[in-house]
Amino acid sequence: MCYTSLEKILYYIINNMLAGPPLTLYKHNRSNSALHISDLHQLNSESVRMGWGVSGRLEVRVEIKSPGIVFFEIFGTKKGDLPKVVPDIIPRVELLEGQWGVPGCVMLATSIIDGKAWISKKTVEAVDKEKKSITYNFLEGDFMKIFKTFELTTQPIQEREGNFLKWTMVYEKLVDEEIQAFLDALQKLLHQYTNGIDKYYVKLAQGHT
Numbered sequence: 000m001c002y003t004s005l006e007k008i009l010y011y012i013i014n015n016m017l018a019g020p021p022l023t024l025y026k027h028n029r030s031n032s033a034l035h036i037s038d039l040h041q042l043n044s045e046s047v048r049m050g051w052g053v054s055g056r057l058e059v060r061v062e063i064k065s066p067g068i069v070f071f072e073i074f075g076t077k078k079g080d081l082p083k084v085v086p087d088i089i090p091r092v093e094l095l096e097g098q099w100g101v102p103g104c105v106m107l108a109t110s111i112i113d114g115k116a117w118i119s120k121k122t123v124e125a126v127d128k129e130k131k132s133i134t135y136n137f138l139e140g141d142f143m144k145i146f147k148t149f150e151l152t153t154q155p156i157q158e159r160e161g162n163f164l165k166w167t168m169v170y171e172k173l174v175d176e177e178i179q180a181f182l183d184a185l186q187k188l189l190h191q192y193t194n195g196i197d198k199y200y201v202k203l204a205q206g207h208t
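The sequence shown maps to residues 0 to 208 in numbering that gives the first Met the number 0.
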């Protein structure tokens with residue numbers, strides 16, 4: 000069944016007013032290795048349940064010691080180095096079209112999530128040099144067996160507590176797929192992924208001092 004834009008908006012409002020609790024947003028607590036769940040307020044949530052699928056926004060922040068430019072480069076122009084930096088997490092990445100880190104470039108990458116290899120074809124959607132943020136749009140592969148759309152943004156940020164790498168995922172899942180277990184595994188992976196890159200470059204810097 001097709002819905003007009005107005006019907007979708009009305010359905011969203013009614014569904015959020017009448018349905019049970021909305022989905023949850025997960026954030027990593029840097030002082031504890033456990034993942035904590037923060038409830039979202041109804042009608043003001045970043046994850047909403049819809050009749051034709053589930054759209055959501057998930058954010059993970061991981062404390063880092065390396066300068067933010069390190070992460071901007073490794074996820075951009077130096078992304079081809081990832082199998083050398085974190086081979087147990089990203090064993091393979093291949094450039095298919097364009098140039099590394101340039102909007103429009105297309106790559107094929109293998110990620111190890113919860114012991115399983117996930118292959119994804121994705122493109123660089125946007126690059127903000129001032130904010131050092133990069134946004135990827137997933138096109139094909141294992142992710143698209145779960146998600147209708149999946150967008151991932153990385154950005155190093157500074158806060159009062161320290162420096163962090165912020166991962167932001169915006170997605171719409173397929174209607175009959177359960178993704179909670181996958182999102183839990185993905186968050187743990189992003190923490191390990193960030194720490195692995197951070198440790199590599201901290202060690203590299205120490206070797207040159």
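C-beta atoms are modelled at their ideal positions from N, C-alpha and C, and glycine is treated no differently.
Note down, in chain order, each residue of its chain lying with its Cβ closer than 7 Å to the Cβ of ASP197, except the 5 sequence neighbours on either side.
ILE63, LYS64, SER65
Which partner residues does ARG153 have in the DSSP bridge list?
The identity of residue 153 in the sequence shown is Thr, whereas the question assumes Arg. DSSP, once it has assigned bridges, lists ILE133, TRP166 as partnering THR153.
Nearest to ARG56 by CA position, among ILE156, GLY195, THR148, GLU158, is which residue?
THR148
Could you pull the start and end residues of the beta strand (DSSP E) that VAL126 belongs to?
115–127
Under 8 Å, with one C-beta from each stretch per pair, do the region 154–167 and the region 127–138 reach the 3-pair mark?
yes
CB of ALA184 to nearest heavy atom of the ligand COA: below 7 Å?
The ligand COA is absent from the structure shown, which contains no ligand whatsoever.
Reduced DSSP secondary structure (H/G/I, E/B, other) of PHE71:
helix
Does the distance from the C-beta atom of SER110 to that of PHE137 stay below 8 Å?
no
Straight-line gap, GLU171 to GLU139 (C-alpha atoms, nearest Å):
14 Å
To the nearest angstrom, how far is it from the Cα of GLU58 to the Cα of GLN191?
15 Å
Taking the alpha carbon of ASP87 as the reference point, which residue from LYS115, GLY103, GLY100 has its own alpha carbon closest?
LYS115
Going straight from the alpha carbon of VAL92 to that of LEU81, what length do you get?
7 Å
Expressed to the nearest angstrom, what Euclidean distance is found between the alpha-carbon atoms of LEU94 and LYS144?
22 Å
For the putative contact between GLY195 and VAL85, defined by C-beta atoms under 8 Å, what is the C-beta separation to the nearest angstrom?
4 Å
In terms of alpha-carbon separation, which member of ASP113, ALA204, GLU124, ARG60 lies closest to CYS104?
GLU124
Grouping DSSP H, G and I as helix and E and B as strand, with all else coil, what is LEU182?
helix
Please report how far the alpha carbon of LEU182 lies from the alpha carbon of TRP117, in whole angstroms.
14 Å
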